[in-house]
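Visitor: Handing you this structure, nothing more for now.
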Amino acid sequence: RMKFQYGDACLSQQQVYEWSRKFANGVTSMKDAPRLDQAHRVVTPENTAAVEAIVRENLLVTLNETAASLNISHGSAHHIVHDVLQFHKVSARWVPWQLTPEFKDRRTDACEELLRCFEREGNDFLARIVTGDETWVHFHQPETKRASKEWRHSSSPKPKKFRTQPSAGKVMLTLFWDEKGVILEHYTPRGTTVTSASYSDLLKNHLQPAIKSKRCGLLSTGILLQHDNARPHTARTTVATIKDLHFECLPHPA
5 RMKFQYGDAC
15 LSQQQVYEWS
25 RKFANGVTSM
35 KDAPRLDQAH
45 RVVTPENTAA
55 VEAIVRENLL
65 VTLNETAASL
75 NISHGSAHHI
85 VHDVLQFHKV
95 SARWVPWQLT
105 PEFKDRRTDA
115 CEELLRCFER
125 EGNDFLARIV
135 TGDETWVHFH
145 QPETKRASKE
155 WRHSSSPKPK
165 KFRTQPSAGK
175 VMLTLFWDEK
185 GVILEHYTPR
195 GTTVTSASYS
205 DLLKNHLQPA
215 IKSKRCGLLS
225 TGILLQHDNA
235 RPHTARTTVA
245 TIKDLHFECL
255 PHPA
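If you count by my numbering, then the sequence shown holds residues 5 to 258, one letter each, in order.
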């Protein structure tokens, strides 16, 4: 009857007999009985404080090292660190480079200046911004392991994925865009590099005509060009070209 009423959640007949025997012997609690090696036996204020001091002194310390220092078990150290002190090990996040105080101040100044411009002009300020950047485009980009997953039955053979070269070649893409989308895509010819002369030619003979044809009236409002401080962008030739085109460069901290 119990099996029919409760289904798989019902205790087995052997478990019912076992609990009936325990209740007959005076057992009233359904919690696990404490064991000699349980962690809570050594979870004292003194041990907890000692573990916290060890962890704070060396954030790379292992549980085995902590347990050996205090002559406690690995399980006890794990219980104190994770459950009592609520410590969890996390991996460091990769960042492009370490920012010095000087670079941080420059970024703060640039952001504050941009915010002041936005407060003065509002959305009209954002509409005038044209951003440019370079990136490498690979001829072949292999799919990731996650993207190559296929639906299969458990009895089906597993698909194979062969190792391939990351790329058969690459080319430099210079991209310009504004709030409405991409304005210009320009691929640097193979075997050449981006120089101040080539970048100036790109601004004058490619970007300006593209803005004129794709963003009617934007040139008359005054282009706010935003690009990084790479050498081809800050060279005298480039600065002179930007001035001749009546563009204005926005501050960039990098």
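Ideal Cβ placement from N, Cα and C applies to all residues, glycine included. Quick caveat, the model's predicted, so the values are computed rather than measured.
Would I84 pass as a contact of T48 if the rule is Cβ separation under 7 Å?
Guide: Start at 1 with the first residue of the sequence shown, and residue 84 comes out as number 80. Start at 1 with the first residue of the sequence shown, and residue 48 comes out as number 44. Going by C-beta atoms, I84 is not nearer than 7 Å to T48.
Visitor: Could you check the C-alpha separation between A43 and A81 for me, to the nearest Å?
Guide: Numbered from its first residue, the sequence shown carries residue 43 at position 39. Numbered from its first residue, the sequence shown carries residue 81 at position 77. The pLDDT assigned to A43 is 48, lower than 50, so where the model puts this residue is not dependable; a value taken from the coordinates is nonetheless given after this. Pairing A43 with A81, the inter-Cα distance amounts to about 8 Å.
Visitor: Q18 to V46, Cα distance in whole Å?
Guide: Taking the first residue of the sequence shown as 1, we reach residue 18 at position 14. Taking the first residue of the sequence shown as 1, we reach residue 46 at position 42. Rounded to whole angstroms, Q18 to V46 spans 35 Å at the Cα level.
Visitor: Where do the N-terminal and C-terminal ends of the alpha helix (DSSP H) with F107 fall, by residue?
Guide: Residue numbering aside, residue 107 sits at position 103 when the sequence shown is read from its first letter. Taken as a continuous stretch (DSSP letters only), the alpha helix (DSSP H) holding F107 covers 105 to 125.
Visitor: Do V141 and L89 have their beta-carbon atoms positioned less than 7 Å apart in this structure?
Guide: Position 85 of the sequence shown, counted from the first residue, corresponds to residue 89. Position 137 of the sequence shown, counted from the first residue, corresponds to residue 141. Going by C-beta atoms, L89 is not nearer than 7 Å to V141.
Visitor: With C-beta atoms as the reference, is S204 less than 7 Å away from T238?
Guide: Locating residue 204 in the sequence shown gives position 200, where the first residue counts as 1. Locating residue 238 in the sequence shown gives position 234, where the first residue counts as 1. No, the pair does not count as a contact, with Cβ atoms beyond the cut-off.
Visitor: Determine the contact status of T70 and I58, defining contact as a CB-CB distance below 7 Å.
Guide: Taking the first residue of the sequence shown as position 1, residue 70 is located at position 66. Taking the first residue of the sequence shown as position 1, residue 58 is located at position 54. Result yes, Cβ atoms of T70 and I58 sit closer than 7 Å.
Visitor: Using alpha carbons as the reference points, say which of G195, L179, R194 lies closest to C188.
Guide: Walking along the sequence shown from the start, residue 188 turns up at place 184. The sequence shown places Leu at residue 188, rather than the Cys named in the question. Ranking G195, L179, R194 by Cα distance to L188 puts L179 first.
Visitor: Which same chain residues end up closer than 6 Å to Y191 when comparing Cβ atoms and leaving out the 5 residues on each side of it in sequence?
Guide: Stepping through the sequence shown from its first residue, residue 191 is reached at position 187. These residues qualify, in order along the chain: V175, L177.
Visitor: Assuming W23 is part of the alpha helix (DSSP H), what are its boundary residues?
Guide: Against the sequence shown, residue 23 aligns to sequence position 19. Per DSSP, W23 belongs to the alpha helix (DSSP H) from 17 to 28.
Visitor: With 16 other CB atoms within 10 Å as the buried threshold, where does R120 fall?
Guide: Your numbering for residue 120 matches position 116 in the sequence shown. It is exposed - the Cβ of R120 has fewer than 16 other Cβ atoms within 10 Å.
Visitor: Starting from H82 and walking both ways along the alpha helix (DSSP H), at which residues does that stretch end?
Guide: Start at 1 with the first residue of the sequence shown, and residue 82 comes out as number 78. Segment 78 to 82, the alpha helix (DSSP H) holding H82.
Visitor: Starting from E138 and walking both ways along the beta strand (DSSP E), at which residues does that stretch end?
Guide: The residue labelled residue 138 in the question sits at position 134 within the sequence shown. Start and end: 133 to 142.
Visitor: Given a threshold of 16 other Cβ atoms within 10 Å of its Cβ, counted over all protein chains shown, does S33 qualify as buried or as exposed?
Guide: For the purposes of this step, residue 33 is taken as the residue at position 29 of the sequence shown. So S33 counts as exposed.
Visitor: On the premise that G226 lies in contact with H250, defined as a C-beta separation below 8 Å, what is that separation, rounded to the nearest angstrom?
Guide: Stepping through the sequence shown from its first residue, residue 250 is reached at position 246. Stepping through the sequence shown from its first residue, residue 226 is reached at position 222. H250 to G226, Cβ: 7 Å. Contact.
Visitor: Would L223 pass as a contact of R132 if the rule is Cβ separation under 7 Å?
Guide: Here the question's residue 223 lines up with position 219 in the sequence shown. Here the question's residue 132 lines up with position 128 in the sequence shown. Taking 7 Å as the Cβ cut-off, L223 and R132 do not qualify as a contacting pair.
Visitor: Any idea what DSSP makes of L64, helix, strand or coil?
Guide: Counting from 1 along the sequence shown, the entry for residue 64 is found at position 60. In the structure shown, L64 sits in coil (DSSP, three-state: anything other than H, G, I, E or B).
Visitor: Taking 6 Å as the cut-off, is the CB of V65 close to at least one heavy atom of the ligand PLP?
Guide: With respect to small molecules bound, the structure shown includes none, and the ligand PLP cannot be examined in it.
Visitor: Since L130 and E183 are thought to touch, with beta carbons under 8 Å apart, how far apart are those beta carbons, to the nearest angstrom?
Guide: As a position in the sequence shown, residue 130 is number 126, starting the count at 1. As a position in the sequence shown, residue 183 is number 179, starting the count at 1. About 6 Å; that satisfies the 8 Å criterion.
Visitor: Starting from the C-beta of P161, find all residues in its chain whose C-beta is less than 8 Å away, skip the five residues before and the five after it, and write them out in chain order.
Guide: For the purposes of this step, residue 161 is taken as residue 157 along the sequence shown, with counting starting at 1. Taken in chain order, the list of residues that qualify is empty.
Visitor: Any idea which residues DSSP pairs D182 with across the strands?
Guide: As a position in the sequence shown, residue 182 is number 178, starting the count at 1. D182 pairs with G185.
Visitor: Could you give the distance in angstroms between the alpha-carbon of K247 and the alpha-carbon of F122?
Guide: Indexing the sequence shown from 1 puts residue 247 at position 243. Indexing the sequence shown from 1 puts residue 122 at position 118. Approximately 22 Å between the Cα atoms of the pair.
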